[in-house]
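K.L.:
One line per chain: the protein sequences are G and D, in this order.
Residues in the first sequence are numbered consecutively from 1, following this note's numbering.
Residues in the second sequence are numbered consecutively from 1001, following this note's numbering.
Encoded as C-alpha cells, here's the structure I'll be asking about.
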Amino acid sequence: MRKQLLLCMIIGSAASPAVAQTYQNASQETMKNVEAYKSKEKLTKLLSETYHVAISETWPTNFPVPAYTSNVVSKSFSHSTKGKPSAGATLVTSDQPRTVFDFYNAACKRANWKVRVPSAKALAEFAKSGEMYMLTAEQGKQSIYLTCRKHRESNGTLVSISWTKTQ
Amino acid sequence: MIIFLKKKRSRGSIAFGAVLAVVLVIIGLAFFALAMYMGGQNETKNATDAGMLNVGKKVADNVSVPIYPTPNELIFIDVANDTTSGEDLLASLTGGISDLKEINMHRINRVWAKALQIGINAEAADRDGFGGSAKSNAQKAFEGAQSISNRLADKLNEKADRYKYFDELAGQNSVRMLGTDAKTRALQGDNWQTSLLERGRESNVTVAPPEYSMPPNFQMPNLVMKSSRKNVPAAAKDFWFLSGYSPIKLADRTFWQIPYVYDETPHMVSGTEFAANTLKAKPIDWEKPIPNAFSGEGIAVAKSSKAPGQKAISWVLTNPGQTFKMSIPHSFVRIKLDKMYSHWYFFPVGPQTKVEYGDPQEYKYQLDTHNGPKMPLGGAFCMYVQAGEVEVGGDVLARNLDQIIFGLPDKDNEKIEAYLVNRANEMIGKVGKVISVDELHDSLSDPLTILYLLAEQTEFYMFSADGETIEIMPKYLALIRAPWLLLKQGEEPDGTEMKLVDDADCPAVLLNKVSAKPLPKCILLPPTPIGWGLWDKDVYWTPGSGYNSCLGNLRVKRWTEIYSLGIAFPSLL
C-alpha cells in the first residue's frame, strides 16, 4: 500500500498531465499486478504455478532431440511444470521441410528411437506433397511426435515437436 | 406169478417216470416263467431308463417358450439363440416376432444373466450418483426375464411333452420277455414329478473375472464360483460360473440360475436323491423354479396278454451341455467427439487475470492456421496486444481414436479404461474370452480411425459383431457390420453424464508470435510480449444399463487455449 502511494506521488509529479491521467485511471489492481510481476523470475513463477507451463526461447540441453541449427529464424520451448512430464518445442528455419525432416529422422534413429514414418500416400491426406512430413518415435517410456511443415511467413519450415514421458 | 410181478413193477416205474417228468416240466416251466418275469422286469426298467434319458435330453432341447413382443421381453432377443454374438439377423429385423426366438432350458440362464448384467450396470450407476432411469429399466429387464422364466417353468411342468419324449425311445427298447408284441410306454400319473437337484452347483453361465465383468467401484461378493466338479476339465479351470438354485440378490430383486454341472450330460439319479430335493421336500424362495430333474414311470404290456404288465420308475437329471457367458451381445458404447475450438486469452489487468477475447475458432483433425485477435488495452499499460497467426490442431493431427481419447493432455486415463474395458467385456459372449486393456487400446488404435477423423466422422460405435472381438467404427460402417444396430442406433444411455477427466492440460506445441504496443511513456516489460498455448481435454461418461442396448456414451471435448501476454510499465517509474 505504501508502495502504491509512492507510485501515485511519483506519477503525479513527474509525468505529463495526459500520461499521468492515464496512469491514474489504471486500477490499483493493475498497478499492483504489474509491480508484483516486474521481474522475469516472478512472471515465470506465476506461469508455472497458475498455468503449469514454463516458457523459454531456447531448447534445454537435455531435450531428447537436438535443435536444428541451420538458418534458424526463431525457436520456442515450453514444458509442463505439473502432472505428466511433457514438453513442446517449435523452430522456424528458412530451410525446406524435407531437409529438416531428414535431419530429425536421422537424429532419432541415431539415438536408437523406434521411429515410425507415415507413407507418402498417408501424408497426402493431410497436406500437399512436399509440404509436410511427420514421424513418431518411442524409446522406453518416452515418445515424440514431430512435424515439419511449410512455413508461409518465412517460406521455410516450421518444426513442431511434442515430447512426453509416461510415468 | 413171476411174470405178473415183473409186469406190475414195470407199470409202477412208468407211472413214476411220467409223474416225475410232469413235475420236472412244471418246475421247468415255472423257472422259465420266473426267468421271463425277471427278465421282463429288467427289460422294462431298461426301457424306462432309456425313455427318461430321452426325456432329460428332449426337455432341455425341445421344450421352449416364445419371447412375447413386449418391450420388456424383446430385449432378450439377442440371448434367445445359441450363438456368442447373439446374431440372428432375420429375427432381429422382425423384432423378435419370428418364432425362431424361443427360450429353452439351454438359454434361460442366459436370459437371467443378461437381466442381472443390466441390473448390475444400473446399480453401479446409481451408487455413483448417475443412475438416471437405469434402475427403472433394470426392473423392467428383471420383469421380462421373470415372465419368460415363469412361462418356461409352466411349460416344463406340463407332462404331455414328457410322456411323448418317453414313448419315443422307451417303445423302441425290447421287452420281448413279456411277449413278442410287448412295448413300454409312459404310465401317466403322479409318478411323473420334477425336482431341483445339484443346488449350489454351477450353472451354464460363466462370468468374466470381476475386474472385467463389474463396473468400476462395484462389487458383488460371492456372485461367482469355480466348477464344482471333482476333476475340473482343463478347459474350465479358469472359468467362473454363476451358481444354480442360489438366490442372487441385487437391490431388491432376486435373480436365479439353474444348475448344470460343467461338461456333463443328462444322466440317471437315485430316487432317494430326487425325492429329497423336490420343491415340496426342500423349498426355495424362487416362486416358479425351473426344475432340472424329472421322474417318470413306464409300463410294459403285451397286446396279446391280459396280464397287468411290468412297471418301472426312473429319475433323470438334465443338462443341456452348453455353456454361455453372461453378456449383452447386441450392445454398444457410443464415442462422441465434440467440435474443437481455439480460445484466445489476454491479460488486460496483469498476468494474474486472464480474459477471453475474440470468438473461438473451430479446428478439425488437421493443422490449421488461426489468426489471433487484437485486443485493445489487452495488456497492462498496453494500447493493444495481438496474438499472432497460430497453427492449431497439433494435438489431433494424424492421431488415431485411442490417442484422441487417451493422448496428451492425459489425466485419469485409468478411469476411462475401467469403464470401457468393463463395457467391452459385457458385449463379449464367447466363454473364456476376456477383452484386456491392451486389446481395448489396440481396437481404438486402428489406423483407419485417423482417416475417419480426417473425414470428420466424430461419432463412433464400439460393439462386437462376432461375440469374440470388439470393433470401433463410425456409425455408417457399424450399421453395415452389425445390422442389429439399425434398430438401436438412436438409443441413448439411461444414466446421466459424469465427468471422468476434468480439464486435463499440457503445454501446446504452437508458435504464438505475440505483438503488443505499450501506452505512451510506457515500455514493455521483458520477456513480454510472450505467447503460449495449452491443449485441454475433458472426458465425460454417461453410463447405460444396456436395457436399450446402449451401454454408455463416452464424450471427449478437446480445445486449445492460446495466451498472449503483454505487460508494459510506465517508463518514468
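Glycine is no exception: its CB is placed at the ideal position from the N, C-alpha and C atoms.
Can you say whether D/Glu1073 is buried or exposed, counting buried as having 16 or more other CB atoms within 10 angstroms of its CB?
P.N.:
buried
K.L.:
For G/Val92, which option in D/Leu1510, D/Leu1554 and D/Asn1548 has the closest C-alpha, if you only look at C-alpha atoms?
P.N.:
The residue among D/Leu1510, D/Leu1554 and D/Asn1548 with its C-alpha nearest the C-alpha of G/Val92 is D/Leu1510.
K.L.:
Using only alpha-carbon positions, find the residue among D/Lys1430, D/Asp1402 and D/Val1269 that is nearest to D/Phe1294.
P.N.:
D/Val1269
K.L.:
Return the residues of the stretch 1321-1350 of chain D that lie within a Cβ-Cβ distance of less than 9 Å from chain G, sorted by chain order.
P.N.:
Phe1347, Pro1348, Val1349 and Gly1350
K.L.:
Decide yes or no for the touch test of the stretch 1196-1216 of chain D against the stretch 1330-1346 of chain D: beta carbon pairs closer than 8 Å, at least 3 of them.
P.N.:
Contact between the stretch 1196-1216 of chain D and the stretch 1330-1346 of chain D is absent, because fewer than three Cβ pairs lie under 8 Å.
K.L.:
Kindly indicate the opening and closing residues of the alpha helix (DSSP H) around D/Trp1112.
P.N.:
Ile1108 to Asp1128
K.L.:
If you follow the beta strand (DSSP E) that G/Leu135 is in, where does it begin and where does it stop?
P.N.:
Per DSSP, the continuous beta strand (DSSP E) segment holding G/Leu135 begins and ends at Met132 to Gln139.
K.L.:
On the DSSP letters alone, give me the boundaries of the alpha helix (DSSP H) that G/Val100 sits inside.
P.N.:
If you look at G/Val100, you'll find it in the alpha helix (DSSP H) that goes Pro97 to Arg110.
K.L.:
In this structure, what does DSSP give as the bridge partners for D/Ala1302?
P.N.:
D/Ala1182
K.L.:
Tell me the rounded alpha-carbon separation between D/Phe1218 and D/Ala1124.
P.N.:
6 Å
K.L.:
Would you grab the beta carbon distance between D/Lys1311 and D/Glu1297 for me? Rounded to a whole angstrom, and I think it's under 8 Å.
P.N.:
That belief holds up - the Cβ atoms of D/Lys1311 and D/Glu1297 are roughly 6 Å apart, short of 8 Å.
K.L.:
Below 9 Å between beta carbons: does that hold for D/Trp1535 and D/Pro1409?
P.N.:
yes
K.L.:
In angstroms, rounded to a whole number, what distance separates the CA positions of D/Phe1166 and D/Arg1229?
P.N.:
Spanning the two alpha carbons is a distance of roughly 29 Å.
K.L.:
Can you tell me whether DSSP reads G/His52 as helix, strand or coil?
P.N.:
coil
K.L.:
Are D/Met1105 and D/Asn1292 close, meaning C-beta to C-beta below 9 Å?
P.N.:
With respect to D/Asn1292, D/Met1105 sits close: the two C-beta atoms are nearer than 9 Å.
K.L.:
Would you call the stretch 1238-1255 of chain D and the stretch 1109-1119 of chain D touching, i.e. three or more CB-CB distances under 8 Å?
P.N.:
yes
K.L.:
Using a beta-carbon distance below 9 Å, is G/Ser70 in contact with chain D?
P.N.:
no
K.L.:
Chain D partners of G/Ile161, CB-CB under 8 Å?
P.N.:
Val1509
K.L.:
Of all the alpha helix (DSSP H) runs that stay within the bounds of the stretch 1409-1488 of chain D, which reach a length of 4 or more residues?
P.N.:
Within the stretch 1409-1488 of chain D, the complete alpha helix (DSSP H) runs of at least 4 residues are 1413-1427, 1437-1444, 1448-1454, 1475-1481 and 1485-1488.
K.L.:
Counting only Cβ pairs nearer than 9 Å, list the residues of chain D close to G/Ile55.
P.N.:
Pro1507, Pro1527, Ile1530, Gly1531 and Trp1532
K.L.:
Quick check: what's the CA-CA separation for D/Asp1099 versus D/Ile1075?
P.N.:
Residue placement at D/Asp1099 is poorly supported in this model, since its pLDDT is 47, which falls under 50; the coordinates still yield a value, given next. When rounded, the distance between both Cα atoms is 15 Å.
K.L.:
Against chain D, which members of the stretch 114-131 of chain G pass a CB distance test of less than 9 Å?
P.N.:
The stretch 114-131 of chain G vs chain D, Cβ under 9 Å: Pro118, Ala122, Leu123, Glu125, Phe126 and Ala127.
K.L.:
Pick out whichever of D/Cys1506, D/Lys1226 and D/Ile1258 has its Cα sitting closest to the Cα of G/Leu47.
P.N.:
Looking at the Cα atoms, D/Cys1506 is the closest of the given residues.
K.L.:
Cβ of D/Pro1409 less than 9 Å from any chain G Cβ?
P.N.:
Yes, its Cβ sits closer than 9 Å to a Cβ of chain G.
K.L.:
Check D/Lys1339 in the structure and name its three-state DSSP category.
P.N.:
coil
K.L.:
Going by other Cβ atoms of all chains shown within 10 Å of its Cβ, with 16 needed for buried, is D/Gly1546 buried or exposed?
P.N.:
buried
K.L.:
Note down, in chain order, every chain D residue with its Cβ under 7 Å from the Cβ of G/Glu149.
P.N.:
Note on identity: in this sequence residue 149 of chain G is Arg, with Glu being the wrong assignment. By Cβ distance, chain D contributes Leu1367.
K.L.:
Enumerate in chain order the residues of its own chain whose CB-to-CB distance from D/Ala1138 is below 6 Å, with the five nearest sequence positions on each side excluded.
P.N.:
The beta carbon of D/Ala1138 sits closer than 6 Å to the beta carbons of Ile1118, Gly1119, Ala1122 and Ser1545 from its chain, once the five residues preceding and following it are set aside; these are given in chain order.
K.L.:
Which chain D residues sit within Cβ distance under 9 Å of G/Val92?
P.N.:
Leu1511
K.L.:
So with CB distances below 7 Å, who are the chain G contacts of D/Leu1451?
P.N.:
Glu125
K.L.:
Between D/His1441 and the rest of its own chain, which residues show a CB-CB distance below 7 Å, the 5 nearest in sequence each way excluded?
P.N.:
Asp1402
K.L.:
Give a yes or no on contact between the stretch 1272-1286 of chain D and the stretch 1180-1200 of chain D, applying the rule of three or more CB pairs nearer than 8 Å.
P.N.:
yes
K.L.:
Have a look at D/Lys1159 and D/Arg1253 and give me their C-alpha separation to the nearest angstrom.
P.N.:
30 Å
K.L.:
So D/Ile1428 and D/Lys1325 are in contact, right, with Cβ under 8 Å, and what is the actual spacing, rounded?
P.N.:
That pair is a contact at about 7 Å.
K.L.:
Please work out which residues of its chain come closer than 6 Å, Cβ to Cβ, to D/Ala1208, disregarding the five sequence neighbours upstream and downstream, and give them in chain order.
P.N.:
Asn1425 and Val1434
K.L.:
Count the other C-beta atoms from every protein chain shown that fall within 10 angstroms of the C-beta of D/Phe1142, then say buried if there are 16 or more, exposed otherwise.
P.N.:
buried
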